[in-house]
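Following this note's numbering, the numbering of the sequence shown begins with -18 at its first residue and continues without gaps. Quick reminder that beta carbons are idealized off the backbone N, C-alpha and C, glycines included. Below is one structure, written out as structure tokens, with a few remarks after it.
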Amino acid sequence: MTDDHTLLAEDLTVGYGDRTIIEGLSLRIPSGRITAIVGPNACGKSTLLRSMSRLLTPRAGHVLLDGAAVHRMPAKELARTLGLLPQSPTAPEGITVSDLVGRGRNPHHGIFSRWTTADDEAVAEALAATETLELADRAVDELSGGQRQRVWIAMALAQRTDLLLLDEPTTFLDVSHQIEVLDLLTDLNRNRGVTVVMVLHDLNLAARYADHLVAMREGSIVTAGPAEHVLTAETVEAVFGIRNEVITDPRSGKPLMLPLGRYHVDTA
Ligand SMILES: Nc1ncnc2c1ncn2[C@@H]1O[C@H](COP(=O)(O)OP(=O)(O)OP(=O)(O)O)[C@@H](O)[C@H]1O
Ligand SMILES: [Mg+2]
């Protein structure tokens, strides 16, 4: 099992150039749980995830992992505890799947340490879990969008971190692979205690899979808590500006949001 970790943002302000995107945001990630961050395009979800994984330095406030500011931690040290799957990762040209997934092991190696059977095992397990074993010798450039997405997830899994931050891990995936990835992250969470933080656009899957839901709008947190508390018609309307109805999913008991557009619904 993994260790308990405290990851929190305190009064965080982040931006690009002279544009402020997130201002005075505070957030505590529940350890050993699954957190989903939802919100409209450009509201700052990726910016928040990047700041929590030290890719962006805050203008004010901090991100603390177990009490230490992540921006002052050496990259490799942080990467042994916290893994990030960015929204649009880029692979070195011509790299094979197995080599890319193997790079997930880099944080565990010093300059002189050699590749071990533990590394082999971590890579093989990550390839198997993401059903990418048969792609191992293919070039990453040649894969379909969904295959490539699963390979990136494999790389993040091979890193074997206690905390895993994933920016839209289900993009490009067909419905069966979306469910598989979310089930796999749930397995990691339940069996190994991995803390998962993911950005998702599918509110219903977010409500079903996350213990803790965070709704963002314009760089701020509108509300956070269990799905029943966050996925309400009022919050969806306030955050996304759409008319909608929330019912109870008969199979999971979680809230299920039905968007109401201008067509195909009974508007009475
Ligand atoms: N590298 C960058 N340089 C300048 N501005 C940026 C940069 N990255 C993001 N932004 C801006 O910051 C704002 C928030 O972007 P961010 O990527 O965090 O949004 P998001 O909530 O992840 O959106 P999406 O759902 O589309 O992925 C946007 O207005 C975006 O244009
Ligand atoms: Mg984003």
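- Arg173 and Val162 have their C-alpha atoms spaced approximately 16 Å apart.
- When DSSP reads this structure, Glu226 sits in a beta bridge with Leu239.
- Distance between Asn87 and Leu108, taken at the CA atoms: about 17 Å.
- The straight-line gap separating the alpha-carbon atoms of Leu114 and Leu65 is approximately 22 Å.
- For Leu186 against Ile15, the beta-carbon gap comes to about 11 Å, at or over 8 Å, which does not count as contact.
- With respect to the C-alpha of Asp155, the residue from Ile92, Leu181 and Gly126 having the closest C-alpha is Gly126.
- With contact defined as three or more Cβ pairs closer than 8 Å, the stretch 83 to 100 and the stretch 132 to 142 are in contact.
- For His245, there is no enclosing alpha helix (DSSP H), since its DSSP letter is neither H nor E.
- Excluding five sequence positions before and after Leu237, the CB atoms of its chain that fall closer than 6 Å to its own CB belong to Asn185, Ile228 and Asp230, given in chain order.
- Linking Ala50 to Gly42 through their CA atoms gives a straight-line distance of about 10 Å.
- Counting only the Cα atoms, Glu(-9) lies some 30 Å from Lys235.
- Comparing alpha carbon positions, the residue from Ser233, Asn225 and Arg232 closest to Asp247 is Asn225.
- According to the DSSP assignment, Thr151 belongs to no beta strand (DSSP E), since it is labelled neither H nor E.
- Within the model, the alpha-carbon separation for Thr204 versus Thr1 is close to 21 Å.
- Relative to ligand 2, the beta carbon of Lys26 is positioned inside 6 Å of a heavy atom.
- CA-to-CA, the gap between Cys24 and Arg198 works out to about 5 Å.
- In the structure shown, Arg171 falls within a helical segment according to DSSP collapsed to helix, strand and coil.
- Under the three-state reduction of DSSP, Asp183 is assigned to coil, being neither helix nor strand.
- In the DSSP assignment, Gly5 falls within the unbroken beta strand (DSSP E) covering Arg0 to Ile10.
- With a threshold of 6 Å, the Cβ atom of Ile2 counts as near ligand 1, since some heavy atom of the ligand is closer than that.
- Beta-bridge partners assigned by DSSP to Ala205: Val195.
- For Gly(-4), the uninterrupted beta strand (DSSP E) run begins and ends at Leu(-12) to Tyr(-3), by DSSP.
- Here the alpha carbon of Val180 sits roughly 9 Å from the alpha carbon of Gly20.
- In terms of side-chain proximity, the C-beta atom of Gln130 is found no nearer than 6 Å to any non-hydrogen atom of ligand 2.
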